[in-house]
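Numbering (full-length UniProt numbering), first residue to last: 1 to 300. Note that the Cβ used here is the ideal one computed from N, Cα and C, for glycine as well.
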């Protein structure tokens with residue numbers, strides 16, 4: 001995963017090869033600020049909303065590690081309760097709440113406080129590997145999870161229960177994300193090459209199904225600047241930008257990688273700036289032409 005730091009313009013990259021990198025975005029490009037090695041693969045990373053120097057990573061050894069960019073050697077804390085790979089981590093974004101959620105190949109979701117003391121709760125219900133866990137930016141204590149069982153699930157931490165289970169795809173779902181403007185809208189990306197946009201008030205069928213990718217969709221993100229725009233990256237080496245409200249939703253296809261594209265994020269502070277990363281060992285920061293000033297609003 002690759003993620004912009006909030007509120008600084010640094011970029012953090014987590015790779016599956018046991019290396020965690022913090023890169024600084026400068027006028028001349030990206031420069032390495034910090035790197036750490038872990039004894040197993042690292043699959044996901046998320047910045048703390050309360051401390052710009054702290055991040056959490058999920059490991060192939062079933063661990064969560066809390067890292068501080070001011071500490072050059074070892075993680076601040078390590079928690080190991082999952083029995084298989086931790087493939088998804090996320091830090092809550094709602095005001096007054098500081099919780100971490102993790103999803104694992106052991107088919108469980110765990111919720112933690114930042115101390116990474118024993119987990120606050122363990123949630124079960126998925127019947128496959130969990131690939132994605134994302135907090136709602138609107139509703140405290142609410143998050144979504146996506147799984148290899150083809151379902152999207154909405155969870156309530158306070159009630160320690162699954163509130164909604166959507167059979168969103170007939171294949172594995174590798175990613176999900178919440179719309180930043182509508183608490184009822186969630187998107188899913190699957191190995192069936194489609195992105196589906198869901199209205200949680202009516203789950204009989206998706207609001208839109210976005211077609212164009214030719215291989216599995218690894219990650220997707222809603223734009224923080226436009227209600228109906230989202231981006232997706234894929235094992236077909238491309239990043240695609242969509243407006244799901246349009247009859248022809250595909251806005252642009254970016255082809256600047258020579259391998260699987262596995263990470264994607266929007267910059268919250270520079271409108272429409274995107275970062276992505278790939279198995280070709282490159283990280284790219286750019287503003288797609290379709291989202292440049294005036295381009296999106298002028299399109300048919």
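Here DSSP, grouped into helix, strand and coil, assigns residue 165 to strand. With a threshold of 16 other beta carbon atoms within 10 Å, residue 73 falls short and is exposed.
When the five nearest sequence neighbours on each side are left out, the beta carbons in the same chain lying within less than 8 Å of the beta carbon of residue 125 are those of 153, 162 and 165, in order along the chain. If you draw a straight line from the Cα of residue 148 to the Cα of residue 223, it comes to about 25 Å. Excluding sequence positions up to five before and after residue 203, its CB lies within less than 8 Å of the CB of 164 and 166, all in the same chain and listed in chain order. Spatial neighbours of residue 168 in its own chain (CB-CB distance under 8 Å, excluding positions within 5 residues in sequence) are listed in chain order as 146, 150, 151, 152, 188, 190, 196, 198 and 206. Taking 8 Å as the cut-off, the beta carbon of residue 137 is found no closer than this to the beta carbon of residue 91. For residue 58, the enclosing beta strand (DSSP E) covers residues 54-59. According to the DSSP assignment, residue 131 belongs to the beta strand (DSSP E) that extends over 130-135. For residue 110, the pairing in a beta bridge is given by DSSP as 102 and 122. In the assembly as shown, residue 249 is a buried residue. Its beta-carbon has 16 or more other beta-carbons within 10 Å. Only buried fits residue 66, as 16 or more other CB atoms lie within 10 angstroms of its CB. Scanning 47, 237, 52 and 220 for the CA closest to the CA of residue 131 turns up 220. Taking all protein chains shown into account, residue 269 has fewer than 16 neighbouring C-beta atoms within 10 Å of its C-beta and is therefore exposed.
When only Cα atoms are considered, residue 113 and residue 247 end up about 43 Å apart. Taking 8 Å as the cut-off, the beta carbon of residue 41 is found no closer than this to the beta carbon of residue 29. Rounded to the nearest angstrom, the gap between the Cα atoms of residue 217 and residue 255 is 15 Å.
Between residue 47 and residue 20, the beta carbon gap of about 12 Å keeps them out of contact (Cβ cut-off 8 Å).
In this structure, the alpha-carbon of residue 157 lies about 11 Å from that of residue 139. As computed with DSSP, residue 32 is found in a beta bridge with 23.
Under the three-state reduction of DSSP output, residue 116 falls in the coil class, being neither helix nor strand. In the DSSP assignment, residue 284 falls within the unbroken beta strand (DSSP E) covering 283-286. Beta-bridge partners assigned by DSSP to residue 153: 145 and 165. Cβ contact annotation for residue 82 (same chain, cutoff 6 Å, sequence separation greater than five): 62, 104 and 106, in chain order.
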